[in-house]
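Top to bottom, those sequences are chains A and B. Sequential numbering from 1 applies to the first sequence in the UniProt record's numbering. Sequential numbering from 1 applies to the second sequence in the UniProt record's numbering. C-beta atoms are modelled at their ideal positions from N, C-alpha and C, and glycine is treated no differently.
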Amino acid sequence: MNTLIKRSLVRFTSKSHIFTNQCRSRATKASLLSNQLVDELSGVLGDENVSKAEVIREQHGKDESYHSGQPADVVVFPTSTEDVSLVAQFCNRNNLPIIPFGTGTGLEAGVSAIHGGVCVDLSKMCEIEVNVEDFDCTVQPGVTRIALNTFLRDTGLWFPVDPGADASLCGMCATSASGTNAVRYGTMRENTLNLKVVLADGRIIETAGKGTRTKKSSAGYNLTNLFVGSEGTLGLITKATLKLYGIPEAMVSAVCHFPSVQSAVDTTVQVLQCNIPVARIEFLDDVMMDAVNRYSSMDYPVAPSLFLEFHGSESHVQDQAKAVGELCEANGGSSFQWAKDADERNRLWKARHNAFYASLALRPGCKGFATDCCIAITQLTEHVIAMKQDISKSNLLGPIVGHVGDGNFHSLLLVDPSSESELQEAKHLADRMARRAIAAGGTCTGEHGIGKGKRHLLKEQFGDVTMDVMGQIKQSLDPKNLMNPGKVL
Amino acid sequence: MSMRVLVGVKRVIDYAVKVRVKPDKMGVVTDGVKHSMNPFDEIAVEEAIRLKEKKIVKEVVAVSCGPTQSQETIRTALAMGCDRGIHVEITGKEYENLQPFHVSKILAKIAKEEDVDMVILGKQAIDGDNNQTGQMTAAVLDWPQATFASEVKKNNGDLTVTREVDGGLETINVKLPAVITTDLRLNEPRYATLPNIMKAKKKPIAKKTVADYDVDISPRQEVLSVEDPPVREAGSKIIGNTV
């Protein structure tokens, strides 16, 4: 809610050229779809499921990234996989780009219709099927993470991948999303068992087999993980079969503060080496801690900190917390607090939960430019410090939060949306961060995806030969380049 | 302190489901639709369990009036931590016509029979939205009531309850035994974990009928029709300064 309000305020007061110019030029360009074509779509999907309204198109061209949105020429709301297939065939016949839309909570402009076309809003497809004793479920794209977990609440099961936003689960498959729990439960890649995908020509496939929902298979090519992370450039996901886990019997949260980034990272490495099955282990730098103190009226020490969560049986979580407490202390950590009671846990973790908004509040009116890179854990300290040095030399603020258990960190650069120079500076910092990661054998994006803004980095990370292979796959599945063009490749 | 608490749990259509009116316009579609425990009842169960964890209460009994499937709802309450359940079986037309007026009398009888010190109910069920059962139960029992509770504290022989009212918050003292109805902000209910769901299967649920409590549940209302709210019409833009 807050982000929406902030965004509309910014638009009203902004003198920005970067944001409004592009939108204006799209709005005045002639639509790619004639009235006749729009009527054809209405004939297939029903009038109420097709919209040419400017506001709807604009809304569907934007996500939570810093990129300005690009509206499609029409937005459609199919209600079945068959409908989606008909839309794909329609776009294929008429050479129209096709862009899938889940919840619009992405961070890399995945939904931006750079070349116009048809935006396919899949939120009306909301079916859920659960196989409680087999620990699996099937969801359509309109089902979000929280909606699924609410549905499951009386079964004793949950789906733990938690990227923060209440994102569409199929959208999370498309971006290979991860989150704070990945260190224990894995990312979408490890938890997607099967996908129903509509291809560019309208063909419908099930990537792991017809109705297959097994946890493992050696049958054929791993098409499931080809589409996971493909960001709508190879096909539209209309159903995902996901792995479920038992809700932990007990949860304990803990917080600890450190004299240096190094000591926090060292502690993390040792926690993993001790085989402590920590569920969440999050790093917040001093700038972030300061932001949180101000925003949530807390009084944490303004120092590099770790926020942890343990899942398991009653006795197990207490043992885990104790063991980690000892490791923290051994590395110079102080004020180790832990809590078992739900309200207490929420209070302790409030800092981490509010990190995004707390950062934005450091500079009212700013836009958050999210960055994302992933390296080996042992290199985290070096990269976090290098990023902090870059930030201090710039005139931007960039609080840092990291999923240290995976070597993944983000710096949220706070940018004045009306300043072209600040945006360029943020891009420059983000590129340096990604390039440092690539040079160290890391990846330019741990969980946000390539989208529109990181395509140059993809080439640097993979090199010509591998990029050619990716190009060949794209060419064979989408020869006309209609599937979310301008993204990933 | 060896108090016993009675918690009422109702099986309703899950709050996330999009409810549809039946073609005969005499009710809503319930076949094949996901049902779960009324959210306010989840809060009631959670509050009772927390009192038990604080050792203020010794035993929590969950009761539900309804068809066979109501037992699933009782099992969920048991998985959350209740000790035993009571299922008052009411089916078909009798169940369709069941009103807070009837339920309150049944709950009052059970409260007396089980010798409870507190009855905790959700403030209202999300299907009927009547907001009457708690108040009526207190009246039948001639017990004090503290409705729309957003905080419950025990001191000696009574309870200090903070209530959510239109003007803000009202704090009252009620003597025990009493009836409490829960409001949204009282607590955040726990999710049942698999081990607890398994343990719940072994906890006892007593099967009862309305006759066992000698309560008359003849219908006092007749449903004339059930309809969708009117479809929202498109707004219109007003251009210029003639407002």
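Short Cβ contact (8 Å threshold) for residue i with residue j
i, j, result
"H311 (chain A)", "V317 (chain A)", "yes"
"T175 (chain A)", "E231 (chain A)", "yes"
"I90 (chain B)", "V61 (chain B)", "no"
"N173 (chain B)", "T182 (chain B)", "no"
"R280 (chain A)", "L308 (chain A)", "yes"
"S411 (chain A)", "M387 (chain A)", "yes"
"N408 (chain A)", "G402 (chain A)", "yes"
"G156 (chain A)", "I247 (chain A)", "yes"
"A200 (chain B)", "R50 (chain B)", "no"
"D228 (chain B)", "V57 (chain B)", "no"
"L414 (chain A)", "R352 (chain A)", "no"
"A167 (chain A)", "T241 (chain A)", "no"
"K109 (chain B)", "Y213 (chain B)", "yes"
"A192 (chain B)", "M80 (chain B)", "yes"
"W349 (chain A)", "Y245 (chain A)", "no"
"G463 (chain A)", "L489 (chain A)", "no"
"V197 (chain A)", "V271 (chain A)", "no"
Same chain, Cβ closer than 7 Å to residue i, five either side skipped, listed in chain order
i, result
"F101 (chain A)", "H60, V111, C119, V120, D121, L122"
"D115 (chain B)", "R4"
"A72 (chain A)", "R57, H60, G61, I99, A113, G116, G117, V118, C119"
"S104 (chain B)", "T133, M136, T137, V140"
"T147 (chain B)", "K123, G134, Q135, R163, T181"
"C126 (chain A)", "Q140, G142, V143"
Expected contact under 8 Å - CB spacing of residue i and residue j to nearest Å
i, j, result
"F135 (chain A)", "K62 (chain A)", "About 36 Å separates the two Cβ atoms, so there is no contact after all."
"L234 (chain A)", "K474 (chain A)", "7 Å"
"A339 (chain A)", "S253 (chain A)", "5 Å"
"M130 (chain B)", "P177 (chain B)", "One point to set straight first is that residue 130 (chain B) is Asn, not Met, in the sequence displayed. The Cβ separation is near 23 Å, so there is no contact."
"F369 (chain A)", "A430 (chain A)", "7 Å"
"V12 (chain B)", "D127 (chain B)", "5 Å"
"K25 (chain B)", "V226 (chain B)", "6 Å"
"T207 (chain A)", "L195 (chain A)", "5 Å"
"A376 (chain A)", "G446 (chain A)", "That pair is no contact at about 12 Å."
"E47 (chain B)", "L186 (chain B)", "6 Å"
"M288 (chain A)", "I385 (chain A)", "Contact flag wrong, Cβ pair sits at about 15 Å."
"L482 (chain A)", "C91 (chain A)", "6 Å"
"C82 (chain B)", "V7 (chain B)", "7 Å"
"T81 (chain A)", "N49 (chain A)", "Rounded, the Cβ-Cβ distance is 15 Å, inconsistent with contact."
"residue 501 (chain A)", "C328 (chain A)", "There is simply no residue 501 (chain A) to check, as chain A begins at 1 and stops at 489 in what is shown."
"K487 (chain A)", "K452 (chain A)", "6 Å"
"A182 (chain A)", "D406 (chain A)", "5 Å"
Proximal residues to residue i (C-beta, below 8 Å), its chain only, five neighbours per side dropped
i, result
"S51 (chain A)", "R57, V74, V75, V76, F77"
"D14 (chain B)", "V33, K34, H35, S36"
"A361 (chain A)", "A291, R294, Y295"
"K454 (chain A)", "E108, A434, C444, T445"
"N241 (chain B)", "none"
Residues near residue i in its chain [Cβ-Cβ closer than 6 Å; skip 5 each side]
i, result
"T162 (chain B)", "S150, E151, L169, T171"
"C229 (chain A)", "The displayed chain sequence assigns Gly, not Cys, to residue 229 (chain A). Taken in chain order, the residues that qualify are S176."
"A77 (chain B)", "V9, V45, A62"
"L107 (chain A)", "E64, S65, A370, H448"
"S178 (chain A)", "T187, E447"
"A440 (chain A)", "I375, Q379"
"Q461 (chain A)", "I438, C444"
"L457 (chain A)", "A434, C444"
"S335 (chain A)", "H257"
"L86 (chain A)", "V44"
"T212 (chain A)", "N194"
Limits of the beta strand (DSSP E) - the one that residue i falls within
i, result
"N173 (chain B)", "168 to 175"
"W338 (chain A)", "334 to 339"
"S36 (chain B)", "35 to 37"
"L121 (chain B)", "118 to 122"
"S64 (chain B)", "57 to 66"
"A146 (chain B)", "145 to 155"
"K367 (chain A)", "367 to 370"
"I98 (chain A)", "98 to 101"
"M172 (chain A)", "Segment 169 to 174 is the alpha helix (DSSP H) holding M172 (chain A); no beta strand (DSSP E) there."
Check: residue i C-beta below 7 Å from any heavy atom of the ligand SAM
i, result
"S70 (chain B)", "In the structure on display, the ligand SAM does not appear, and there are no ligands present to speak of."
N- and C-terminal bounds of the alpha helix (DSSP H) containing residue i
i, result
"V140 (chain B)", "133 to 141"
"T381 (chain A)", "380 to 393"
Would you list, in sequence order, the uninterrupted beta strand (DSSP E) runs of no fewer than 3 residues that lie entirely inside the stretch 256 to 305 of chain A? Taking only runs of at least 3 residues, the beta strand (DSSP E) segments lying wholly in the stretch 256 to 305 of chain A are 280 to 284.
Within the stretch 194 to 268 of chain A, ranges of the alpha helix (DSSP H) (whole runs, at least 4 residues): Contiguous alpha helix (DSSP H) elements confined to the stretch 194 to 268 of chain A occur at 224 to 227, taking only those with 4 or more residues.
Contiguous beta strand (DSSP E) assignments of at least 3 residues, all confined to the stretch 169 to 232 of chain B: Listed in chain order, they are 178 to 182, 205 to 209.
Ranges of the beta strand (DSSP E) found wholly within the stretch 109 to 139 of chain A, counting only runs of at least 3: The DSSP assignment places 118 to 121, 128 to 131, 136 to 139 as complete runs of the beta strand (DSSP E) inside the stretch 109 to 139 of chain A, in order along the chain (cut-off: 3 residues).
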